[in-house]
DNA sequence: ATGAAAGCGCTAACAA
DNA sequence: TTGTTAGCGCTTTCAT
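Protein chains in written order, with my numbering: chain A, -7 to 324; chain B, -7 to 324.
Written out as structure tokens, the structure reads:
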């Protein structure tokens, strides 16, 4: 077995308590004691047993990351990895461990419940796309603090970190308007998702504000994935748009494929703008103009928010909405 | 706070030990006691405190997943998610929690070391692409049992789960030969990676066995990513291959883009075969023939292997090599 | 500034 | 079949 506090105490000639104080950086320890003990800890490469610590303090220093794996999404979109990176980094910096929960949608509730009540995390973050209300109820019942990445339509007072999708969509559409495009089409996200809805609203707002007609034919609903961008764009082409705002980069990439297949040129014949600023966008031909969503940062922020929530048992609610920005590239 | 064993003991009129036995499904408890206690546990939705349990048993029922995030790779390839899914599923089925460690390559050692010695996992799985030997030494020094997904060139007696890359490449190349292609090119993986090396060897083996010339011009080294498939294919086209074996699906997809850009048809002008059988392959136009690597299953297997290792302290080494299979689609 | 001792919630001998 | 008891390795009062 590994060393224990007792070992360190013995070797240093001090008591367990003093060693504990040193490890936790508590005051009330003589400089000499601190030095000696620190030295021995280093030498023996000692690390306190987390289980014992957790038992004594009631805190386990671990947060959970709950991802209902809606298969297609997770598999095709780099979104999750960026998020995971940000979250992981934040955990590392705050000395928290990160527990990964990938749950299948079907058995969602039971499986989650089990974990939630096991007391193996101090709180959790969830990045789900298609919550239903019972699902949120389940989460609330756990009595664990949690933070949601990406809002939903529900009007609960939940902790969340989210992007300003409305502003992003407006940015994108306004950019197209400013460039002089007149027949601006959009491939939307699913209209039962908050982000999908808001991005469409932003598009409409801007057309309206600029006195452009909102033409039904130029609005078509996708599902955020590449394939749907391709098929939607094929349909749109019949109505001769001069620009397409795709509500996700993956759909924009799909749309670009369709446009190229139709032997049209980007942006001369049709401009394309995406949303998310995935690393892939820069590699497109031509590189894709898009709206920057700082996914990594949102992950990081979610952890920091959760930590705040955890030492704020007075029930304060933390909601952060991040502003996106425009990344101009050669597709517009 | 949540309930404790003691609470259940009190309410049921039995002792802590008996309740503990019931919870752990141990024998030697009367039917009546078991029923009563089970009922109360359900009613109170009691779950034993994991920290206490871990402290008492010395086992924490958690395994770590160590992923050195070589940024480009992780971000572009669905490989990791498939793997994570398989691993997560296996953990769930075996009542283990899964700790996620994404470590930056640079700070690899120190960061890992900290985690490794914290005693917060019973063992870990690592899916790294570019290990160096010092890295492996670090892992070994932790004294934690671990399983590697994907072998490396080192001749250690390590536990691993890997694909038979050689057989896969042979399958792919032979398929092209069987279809009558004569000028078969290959876009290889990085030659400093074991998988990259083996997949090239398999290609050469088959050409050789079929009396075909191995032409330098038809072999070009990529890095498994889509972009490199594209650029490599562009170069290859000058040498008029009638088929291309790409050592990864992502490269195959890149190659297909290059071929289409050259206004050539797949497979009439050039056939393409990939490797991995990512979900994406089926959606290509035309759908991509490829070698099936059961990534999900490998993840699952890795966990099972790790569990075996963990209750086999006699140092038995477990090495599993999985056979790939051919998935024929319209690109060949 | 330091130490003694109790206790966190559980498991696992050992007794009964 | 059941209960008693002694830890697991740490934190945290409370003395000193």
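Ideal placement from N, C-alpha and C gives every residue a C-beta, glycine not left out.
Quick check: the Cα distance between residue i and residue j, rounded to an integer number of angstroms?
i, j, result
"residue 202(B)", "residue 277(A)", "39 Å"
"residue 272(A)", "residue 166(B)", "33 Å"
"residue 6(B)", "residue 48(A)", "26 Å"
"residue 120(A)", "residue 188(A)", "14 Å"
"residue 156(B)", "residue 178(B)", "18 Å"
"residue 74(B)", "residue 9(A)", "47 Å"
"residue 251(A)", "residue 206(A)", "22 Å"
"residue 204(A)", "residue 91(B)", "52 Å"
"residue 222(B)", "residue 0(A)", "58 Å"
"residue 96(A)", "residue 76(B)", "13 Å"
"residue -4(A)", "residue 38(A)", "8 Å"
"residue 215(B)", "residue 132(B)", "28 Å"
"residue 55(A)", "residue 138(A)", "9 Å"
"residue 150(B)", "residue 303(A)", "43 Å"
"residue 311(A)", "residue 115(A)", "16 Å"
"residue 235(B)", "residue 241(A)", "32 Å"
"residue 141(A)", "residue 79(A)", "11 Å"
"residue 51(A)", "residue 182(B)", "45 Å"
"residue 175(B)", "residue 144(A)", "55 Å"
"residue 168(B)", "residue 249(A)", "28 Å"
"residue 117(B)", "residue 148(B)", "16 Å"
"residue 112(B)", "residue 42(A)", "6 Å"
"residue 230(B)", "residue 104(B)", "46 Å"
"residue 109(B)", "residue 195(A)", "52 Å"
"residue 44(A)", "residue -2(B)", "19 Å"
"residue 67(B)", "residue 180(B)", "Confidence in residue 67(B) is poor, its pLDDT being 49 and thus under 50, which makes the residue's placement unreliable; the coordinate value appears in the next sentence. Computed Cα separation, rounded: 20 Å."
"residue 227(B)", "residue 319(B)", "27 Å"
"residue 21(B)", "residue 36(B)", "21 Å"
"residue 17(A)", "residue 40(A)", "13 Å"
"residue 309(B)", "residue 301(B)", "7 Å"
"residue 63(B)", "residue 70(A)", "Reliability of the predicted coordinates at residue 63(B) is poor, the pLDDT of 46 falling under 50, and the value obtained from them is presented with this limitation in mind. So the two alpha carbons sit approximately 11 Å from each other."
Give the range of the alpha helix (DSSP H) segment to which residue i is assigned.
i, result
"residue 220(B)", "218 to 229"
"residue 319(B)", "Here residue 319(B) belongs to no alpha helix (DSSP H); instead the beta strand (DSSP E) covers 317 to 319."
"residue 186(A)", "186 to 201"
"residue 25(A)", "23 to 36"
"residue 177(B)", "No alpha helix (DSSP H) contains residue 177(B), which is instead part of the beta strand (DSSP E) from 176 to 180."
"residue 10(B)", "8 to 15"
"residue 44(A)", "42 to 49"
"residue 73(A)", "71 to 85"
"residue 0(B)", "-3 to 4"
Considering residue i, what are the terminal residues of the beta strand (DSSP E) in which it resides?
i, result
"residue 236(B)", "235 to 238"
"residue 57(B)", "54 to 60"
"residue 206(A)", "From DSSP, residue 206(A) is part of no beta strand (DSSP E); its letter is neither H nor E."
"residue 211(A)", "211 to 213"
"residue 116(A)", "115 to 118"
"residue 89(A)", "89 to 95"
"residue 183(A)", "It is not in any beta strand (DSSP E) - residue 183(A) carries neither H nor E in the DSSP assignment."
"residue 311(B)", "311 to 314"
Using 8 Å for Cβ pairs, my map puts residue i next to residue j. What's the rounded Cβ distance?
i, j, result
"residue 313(A)", "residue 290(A)", "Contact flag wrong, Cβ pair sits at about 10 Å."
"residue 233(B)", "residue 210(B)", "6 Å"
"residue 3(B)", "residue 292(B)", "About 40 Å separates the two Cβ atoms, so there is no contact after all."
"residue 239(B)", "residue 323(B)", "Not confirmed; about 15 Å, so no contact."
"residue 53(B)", "residue 107(B)", "Going by Cβ atoms, the distance from residue 53(B) to residue 107(B) rounds to 17 Å, so no, they are not a contact pair."
"residue 93(B)", "residue 136(B)", "Actually they are not in contact, since the Cβ atoms of residue 93(B) and residue 136(B) sit about 12 Å apart, beyond 8 Å."
"residue 219(B)", "residue 246(B)", "6 Å"
"residue 254(B)", "residue 280(B)", "Actually they do not touch by this definition, with Cβ atoms about 18 Å apart."
"residue 265(B)", "residue 164(B)", "5 Å"
Cβ pair count under 8 Å reaching 3, the segment 278 to 295 of chain B against the segment 155 to 171 of chain B: Judged by pairs of C-beta atoms under 8 Å, the segment 278 to 295 of chain B touches the segment 155 to 171 of chain B, as three or more such pairs exist.
Complete runs of the alpha helix (DSSP H) confined to the segment 120 to 156 of chain A [at least 4 residues]: Listed in chain order, the complete alpha helix (DSSP H) runs (minimum 4 residues) inside the segment 120 to 156 of chain A are 125 to 133.
Inter-stretch contact (C-beta, 8 Å, three-pair minimum) for the segment 24 to 34 of chain A and the segment 25 to 34 of chain B: No, because fewer than three Cβ pairs between the segment 24 to 34 of chain A and the segment 25 to 34 of chain B fall closer than 8 Å, the two stretches do not touch.
Beta strand (DSSP E) runs wholly inside the segment 236 to 295 of chain A, at least 3 long, in chain order: Annotation: the segment 236 to 295 of chain A contains the following complete segments of the beta strand (DSSP E) (minimum length 3 residues), in chain order: 263 to 265 and 282 to 284.
Touching by the beta-carbon criterion (3+ pairs, under 8 Å), the segment 258 to 271 of chain B and the segment 291 to 302 of chain B: Fewer than three beta-carbon pairs drawn from the segment 258 to 271 of chain B and the segment 291 to 302 of chain B are found closer than 8 Å, and the two stretches are therefore not classed as touching.
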